[in-house]
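Asker: Chains S and X supply the protein sequences, listed in that same order. In this text, residue positions in the first sequence follow this note's numbering: the first is 7, and each later residue adds one. In this text, residue positions in the second sequence follow this note's numbering: the first is 46, and each later residue adds one. In this text, a Cβ means the ideal position worked out from N, Cα and C, and glycines have one as well. Structure incoming, see below.
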Amino acid sequence: QKEVEQNSGPLSVPEGAIASLNCTYSDRVSQSFFWYRQYSGKSPELIMSIYSNGDKEDGRFTAQLNKASQYVSLLIRDSQPSDSATYLCAVNLGAGNMLTFGGGTRLMVKP
Amino acid sequence: DVKVTQSSRYLVKRTGEKVFLECVQDMDHENMFWYRQDPGLGLRLIYFSYDVKMKEKGDIPEGYSVSREKKERFSLILESASTNQTSMYLCASSFRTGPYGYTFGSGTRLTVV
């Protein structure tokens, strides 16, 4: 059983729409949650982190965390073609600063 | 600007060669990691190190070894390169404790022919 799960997609949204990316995880004691963006052929880039239940906003990005339901999501408002990438969810599942990554969701924003 | 630097962006090696991939970070991070990434398989952890001269096997250590003689440098070694080691190799680093994410290097695309 995978410990961090994401729908692989592709998730296709029109330009200007809200893209919603979801991630579920297995360990109730997880404390730290991260979203990475990875363009094709490039390395992952950290775009959001969240540690407490609720929403955290940064520009067009909002991370949402629900520890009781064990899911974390990323909303991208006013999606742009430049947002087309694979988005990786990462969770600190155990002791120490060790992250477990989901398989990623490929997002396609169509003009 | 903080950085994780991988020595080569693209590399082509022959089967059986010994291959060294170098990674250097300037953030005083204790943890360093080597991943490989293949289409449909996501990120797979090869080895990690939480301190100088310390190393731990990840999920797929077979055919690889690592070296960490200095805090800022973590090397991945392919003892005898094989075609199934053709992949994108990603180095990352982080602090040992605290709610911090990883910082990734730009990656090395290795082709073994």
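Taking a contact to mean a Cβ-Cβ separation below 9 Å, would you say S:Thr92 touches S:Arg43 in this structure?
Answerer: Yes; because the gap between Cβ atoms is below 9 Å, this pair is in contact.
Asker: Is the CB of X:Tyr109 under 9 Å away from at least one CB in chain S?
Answerer: X:Tyr109 does not count as touching chain S.
Asker: What is the rounded straight-line gap between the Cα of X:Gln70 and the Cα of X:Leu86?
Answerer: Cα to Cα, the separation comes out at about 26 Å.
Asker: Any chance the region 21 to 36 of chain S sits against the region 69 to 87 of chain S, with 3 or more Cβ pairs inside 8 Å?
Answerer: Cβ pair count under 8 Å is three or more, so yes.
Asker: Report all residues from its chain with a CB closer than 8 Å to the CB of X:Pro106; omit the five preceding and five following residues, and keep chain order.
Answerer: The residues are Ile91 and Tyr92.
Asker: Give the DSSP bridge partners of S:Tyr42, in chain order.
Answerer: According to DSSP, which records beta bridges pairwise, S:Tyr42 is partnered with S:Leu52 and S:Leu94.
Asker: Counting only C-beta atoms, is S:Lys73 closer than 9 Å to chain X at any point?
Answerer: Not one chain X Cβ lies under 9 Å of S:Lys73.
Asker: Tell me whether S:Pro28 sits in a helix, a strand or coil according to DSSP, three-state version.
Answerer: The residue you asked about is not Pro; residue 28 of chain S is Asn in the sequence shown. Residue state, collapsed to three classes: strand.
Asker: What does DSSP give as the partner residues of S:Arg112 in its beta bridges?
Answerer: In the DSSP output, where bridge partners are listed per residue, S:Arg112 has S:Thr92.
Asker: Classify S:Val97 as buried or exposed, calling it buried when 16 or more other Cβ atoms lie within 10 Å of its own Cβ.
Answerer: S:Val97 is buried by the Cβ-count criterion.
Asker: In the DSSP assignment, find the beta strand (DSSP E) that holds S:Pro20 and state where it starts and stops.
Answerer: Looking at the DSSP string, the run of the beta strand (DSSP E) that includes S:Pro20 is Leu17 to Pro20.
Asker: Going by the DSSP bridge assignment, what does X:Phe65 pair with across the sheet?
Answerer: Its beta-bridge partners are X:Ile122.
Asker: Got a sec: is the Cβ-Cβ distance from X:Leu155 to anything in chain S below 9 Å?
Answerer: No, no contact with chain S.
Asker: What in chain X is Cβ-close to S:Tyr57, meaning under 8 Å?
Answerer: Within 8 Å Cβ-Cβ: Pro144.
Asker: Rounded to the nearest angstrom, what separates S:Val10 and S:Tyr45 at their Cα positions?
Answerer: Cα to Cα, S:Val10 sits roughly 20 Å from S:Tyr45.
Asker: Taking the straight line between their C-alpha atoms, what separation do you get for S:Glu21 and S:Asn103?
Answerer: C-alpha separation (whole angstroms): 36 Å.
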